[in-house]
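I have placed the structure first, in the form of structure tokens, so that the comments after it can refer back to it.
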Amino acid sequence: ELTSEQQGLLHYIMDSYNRQCIPQYITRKLLQEDFSAEENFLLLTEMATSHVQVLVEFTKKLPGFQTLDHEDQIALLKGSAVEAMFLRSAEIFNRKMPHGHADLLEERIRNSGMSNDYITPMFNFYKSLGELKMTQEEYSLLTAVVILTPDRQYIKDKESVEKLQEPLLDVLQKLCQVQHPENPQHFARLLGRLTELRTFNHHHAEMLMSWRVN
Amino acid sequence: PASNLGLEDIIRKALMGNFDD
């Protein structure tokens, strides 16, 4: 069972995770803008920029994050932003939120000049996460775990980051046992997806370059 | 516009600012 302190931590993380939302004026464009590759590229770029800002607001609320060295805060976010955004995108596509937008968003991604070499693995990853039937609690905790990953480049005080990540991993592990009693491997499979997420991190810079050229 | 900023610039600005409102 989760201790009352762990329950409190879980609700706090869930609450700040659910506050994340990209401003209405951007999601409205998703519906209104015309469908040229150029327009889609610009719209997706604007959405990604806004998504990073929303992600930073979530990160600032993570227990203990503001106590970290400022440059380590930057290094953690730089190292995890792409992975955290892929997780959030997987949730959006798998839970079809908000209704109807997900299909339109997928259409725009597929018509934005991005090469299929990157689009196919991206949507395969979303599907593979979908098969895990993750709950909102798991998405929010896994995002917090991804952000507070100590072994990112340029982190000076890894130990402090580890101390912040550990309680979140403990809650996530217990949560998996409680929410997926039929699948004792569920927690291990979640962590396995984090390894796959890292590969996207590496390919992302390459993808951006080829996308801009296209 | 913000979209021309690199990832690090966006992060630095967002850490200092407050995009909640």
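So the protein lines, in turn, are chains A and B. Taking the working numbering, I'd label the letters of the first sequence as residues 30 to 243. Taking the working numbering, I'd label the letters of the second sequence as residues 2 to 22. We put the CB at the ideal spot given by N, CA and C, even for glycine. On a predicted model such as this, the values are computed, not experimentally measured, just so you know.
Supposed close pair residue i, residue j - CB separation, criterion 8 Å
i	j	result
H232 (chain A)	Y147 (chain A)	7 Å
T166 (chain A)	M43 (chain A)	Looking at the sequence provided, one finds Glu at residue 166 (chain A) rather than Thr. With a Cβ gap of about 6 Å, E166 (chain A) and M43 (chain A) count as contacting.
D186 (chain A)	D101 (chain A)	6 Å
Rounded separation between residue i and residue j - CA only
i	j	result
P52 (chain A)	K14 (chain B)	17 Å
E30 (chain A)	E68 (chain A)	50 Å
L219 (chain A)	L38 (chain A)	20 Å
A3 (chain B)	V85 (chain A)	Residue placement at A3 (chain B) is poorly supported in this model, since its pLDDT is 43, which falls under 50; the coordinates still yield a value, given next. If I take the Cα positions, the gap works out to 15 Å.
Q208 (chain A)	Y41 (chain A)	18 Å
D22 (chain B)	I138 (chain A)	In this prediction, D22 (chain B) has a pLDDT of 43, which is less than 50 and means its spatial position is unreliable; nothing more can be read from the coordinates.
S109 (chain A)	E62 (chain A)	30 Å
T178 (chain A)	Q202 (chain A)	16 Å
L106 (chain A)	M236 (chain A)	19 Å
P92 (chain A)	S33 (chain A)	16 Å
A77 (chain A)	S189 (chain A)	29 Å
N123 (chain A)	D132 (chain A)	11 Å
L193 (chain A)	F64 (chain A)	44 Å
T224 (chain A)	P150 (chain A)	14 Å
R222 (chain A)	R48 (chain A)	25 Å
S144 (chain A)	N243 (chain A)	8 Å
Endpoints, the alpha helix (DSSP H) within which residue i is located
i	result
G37 (chain A)	33-47
H130 (chain A)	130-139
F115 (chain A)	99-123
L91 (chain A)	Taken as a continuous stretch (DSSP letters only), L91 (chain A) belongs to no alpha helix (DSSP H), as it is neither H nor E.
L205 (chain A)	First, the residue type needs correcting, since residue 205 (chain A) is Cys and not Leu in the sequence shown. Where C205 (chain A) is concerned, the enclosing alpha helix (DSSP H) stretches over 187-208.
E225 (chain A)	215-242
Y155 (chain A)	145-159
M17 (chain B)	8-17
Q165 (chain A)	165-176
Q248 (chain A)	In the structure as shown, chain A starts at 30 and stops at 243, and residue 248 (chain A) therefore has no counterpart that could be examined.
K58 (chain A)	53-61
Environment of residue i [buried if 16+ CB atoms lie within 10 Å]
i	result
G66 (chain A)	The question names Gly, but residue 66 (chain A) in the sequence shown is Ala. Classification of A66 (chain A): exposed, given that the 10 Å Cβ count is below 16.
V83 (chain A)	buried
E112 (chain A)	buried
H215 (chain A)	buried
S118 (chain A)	buried
S79 (chain A)	buried
V200 (chain A)	buried
L72 (chain A)	buried
Y183 (chain A)	exposed
V175 (chain A)	buried
M17 (chain B)	exposed
C205 (chain A)	buried
Below-8 Å beta-carbon distance, residue i vs any chain C residue
i	result
Q53 (chain A)	The displayed structure is made up of protein chains A and B, and chain C is not among them.
*Please name the residues in the segment 100-120 of chain A whose beta-carbon is closer than 7 Å to at least one beta-carbon of chain B, in chain order.*
Q102, I103, L106, K107, A110
*chain B contacts from the segment 67-82 of chain A (Cβ-Cβ distance under 7 Å)*: T74, E75, T78, V81, Q82
*Return the residues of the segment 83-95 of chain A that lie within a Cβ-Cβ distance of less than 9 Å from chain B, sorted by chain order.*
V83, L84, V85, E86, T88, K89
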